[in-house]
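2 protein chains.
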Amino acid sequence: MLSNTAEYALRAMAWLTLTPDQLVSAGNLAEATRVPADYLAKILQQLSQAGLITGRRGVGGGYKLARSADDIHMLDVLNVVDPVERLKSCPVGLETHGPNLCPLHQKIDEAIGAVCNVFGNVTLTDLCTQGEGVKPLCEVHAQPKPELVQPTLAPPPPATDTPSA
Amino acid sequence: MLSNTAEYALRAMAWLTLTPDQLVSAGNLAEATRVPADYLAKILQQLSQAGLITGRRGVGGGYKLARSADDIHMLDVLNVVDPVERLKSCPVGLETHGPNLCPLHQKIDEAIGAVCNVFGNVTLTDLCTQGEGVKPLCEVHAQPKPELVQPTLAPPPPATDTPSA
C-alpha cells in the first residue's frame, strides 16, 4: 500500500532519529536503510528541500534531522515524498457531486482518513523508543554501528547526493 | 494513496453493479468510468481472470459481474489489481526481527490493517445503494444512460479488450 519511496523515506528518517547530533553521510544512510544510493539521494533532496533534514557537503558532511524528532510525525514525512490527501471533491469530476462524495469515494476517503490518523499520531521519537528493544533497521540487541554513525574518511557524496542546504 | 489502477477497477465494478443483468461493452464501460480504454482493457482482463466479472466477445458482447454484488467487497477488487497485504515479517529482512515488527513497521502494518478494515466491510451493493441519491459515476438525479447500458450496434471491442472468458 505504501510506495517504496514512502517506506524508504521513513527508514531514512528513523535512522537519523537513532543517530542524533551526528551528520550521517548519504552512503552510510543508504547502507543502514538498505536503499539504493541513487534512489535515496533523490529522497534526501526532497526531505532537505522540505526542511525536515539539513545537510553539509564535503568530507565529513552528511545529514541530520532539521528539528526535534518529537516534532516530526510519520505523516509529515509521507506528505513530502508521497502525499496522503483527503478527497475534497469528486475525483471523476461530476458537476452535481462536487464536495458531496458518492459512497465509493466516501469509502476511499474514509480509508485515507484512517491512514492519516495512524501516521499523524506517531512521531519519529515514538518509532525509536517504543517496541521493547526492536528498533527500526537494527538487529535486536544491536546498537547503530559506530562506523555508520561516524563517517571518517568516507568520500564526499556525489553531486546528486548533495543537500540543497 | 490508492493507485489509479485500483480507483479505475472500483469504478468499473461500481458501474457493472449499477447495470445488473446487462452486458456492458468495454467501450461503454470506459466512457462511463472516464478511464482510458486501453488502460481499462487491462484491468478488465485482470478482473475477468480473477473471476470477478465474466464477458462475451463480439457484437453485443461485453462484461457483467460474475456473482452477486452482495458477495464482492471493495477489498476483493483491490486484491486483484493492487493487493493490500499486511506485513508478516520485517520488510528490511533483519534476521532478529522476523515476524516481530519494529515500531516503524508496526505502524505501517496498522495503517494497512485500517485500510483492509474499511474496504473489507463494504460490498459493491453498499456502494450503489447508500449515499442518499449520490451514486458513483452518475450525476445526481440521473440514472445510468440507457445507451451505455444497452449496446446495440456498437462495434466489437478490439482484440486487447476481449475478455479471457
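Top to bottom, those sequences are chains A and B.
For the first sequence, position 83 matches number 83 in my numbering, and the numbering has no gaps at all.
For the second sequence, position 38 matches number 38 in my numbering, and the numbering has no gaps at all.
Note that CB positions come from ideal geometry on N, CA and C, so glycine has one too.
Since we're looking at a predicted model, the values are computed, not measured.
- Query: Is the beta carbon of L87 (chain A) less than 8 Å from the beta carbon of I53 (chain A)?
  - Reply: Taking the first sequence and counting its residues from 1, the one referred to as residue 87 (chain A) is at position 87. Taking the first sequence and counting its residues from 1, the one referred to as residue 53 (chain A) is at position 53. Using a Cβ distance threshold of 8 Å, L87 (chain A) and I53 (chain A) do not count as a contacting pair.
- Message: Restricting to Cα atoms, I'd like to know which of B:Y8, B:M13, B:Q49 and B:S3 is closest to T123 (chain B).
- Response: Mapped onto the second sequence, residue 123 (chain B) falls at position 123. Just measuring C-alpha positions, the residue of B:Y8, B:M13, B:Q49 and B:S3 sitting nearest T123 (chain B) is B:M13.
- Message: Quick check: is the beta carbon of T96 (chain B) nearer than 8 Å to any beta carbon in chain A?
- Response: Indexing the second sequence from 1 puts residue 96 (chain B) at position 96. Interface flag for T96 (chain B) against chain A is set, since a Cβ pair is found closer than 8 Å.
- Mind checking if L29 (chain B) is an interface residue toward chain A, Cβ cutoff 8 Å exclusive? Translated into the one-based positions of the second sequence, residue 29 (chain B) becomes position 29. No, L29 (chain B) lies away from the interface with chain A (no Cβ there is under 8 Å from its Cβ).
- Query: Relative to chain B, which residues along the segment 108-136 of chain A have a C-beta separation below 7 Å, given in chain order?
  - Reply: So the close ones are I108, E110, A111, I112, A114, V115, V118, F119, V122, D126, L127, Q130, G131, V134, K135 and P136.
- Query: Taking all protein chains shown into account, do 16 or more other C-beta atoms lie within 10 angstroms of the C-beta of N28 (chain B), making it buried, or fewer, making it exposed?
  - Reply: Indexing the second sequence from 1 puts residue 28 (chain B) at position 28. Burial call: buried.
- Item | Proximal chain B residues relative to P91 (chain A), where beta-carbon distance stays under 8 Å | Position 91 of the first sequence, counted from the start, is the residue given in the question as residue 91 (chain A). Those are E7, listed as they occur along chain B.
- Given that a residue counts as buried once 16 or more other Cβ atoms are within 10 Å of its Cβ, and exposed if not, what is R11 (chain A)? Position 11 of the first sequence, counting from 1, holds the residue named residue 11 (chain A). The residue is buried, with at least 16 neighbouring Cβ atoms inside 10 Å.
- For G27 (chain B), the first and last residue of its enclosing alpha helix (DSSP H): Numbered from its first residue, the second sequence carries residue 27 (chain B) at position 27. Note, G27 (chain B): alpha helix (DSSP H), A26 to T33.
- Alpha carbon to alpha carbon, how far is A30 (chain A) from N4 (chain A)? Give it in angstroms, no decimals. Position 4 of the first sequence holds residue 4 (chain A). Position 30 of the first sequence holds residue 30 (chain A). A direct Cα-Cα distance of roughly 14 Å separates N4 (chain A) from A30 (chain A).
- Item | Pairwise C-alpha distance: R57 (chain B) and G120 (chain A) | The count along the first sequence starts at 1 and reaches residue 120 (chain A) at position 120. The count along the second sequence starts at 1 and reaches residue 57 (chain B) at position 57. Taking the straight line joining both Cα atoms gives about 48 Å.
- Can you find a CB in chain A that lies within less than 8 Å of the CB of V84 (chain B)? Mapped onto the second sequence, residue 84 (chain B) falls at position 84. Taking 8 Å as the CB threshold, V84 (chain B) lines the interface with chain A.
- is_contact[L104 (chain A), chain B] using C-beta, thresh 8 Å: Taking the first sequence and counting its residues from 1, the one referred to as residue 104 (chain A) is at position 104. Answer yes: the Cβ-Cβ gap between L104 (chain A) and chain B drops below 8 Å somewhere.
- Quick one: does E147 (chain A) have its CB under 8 Å from some CB of chain B? As a first step, residue 147 (chain A) must be located in the first sequence, where it is residue number 147. Reliability fails at E147 (chain A), whose pLDDT of 49 lies under 50, so the model's placement of it is uncertain and no value is given.
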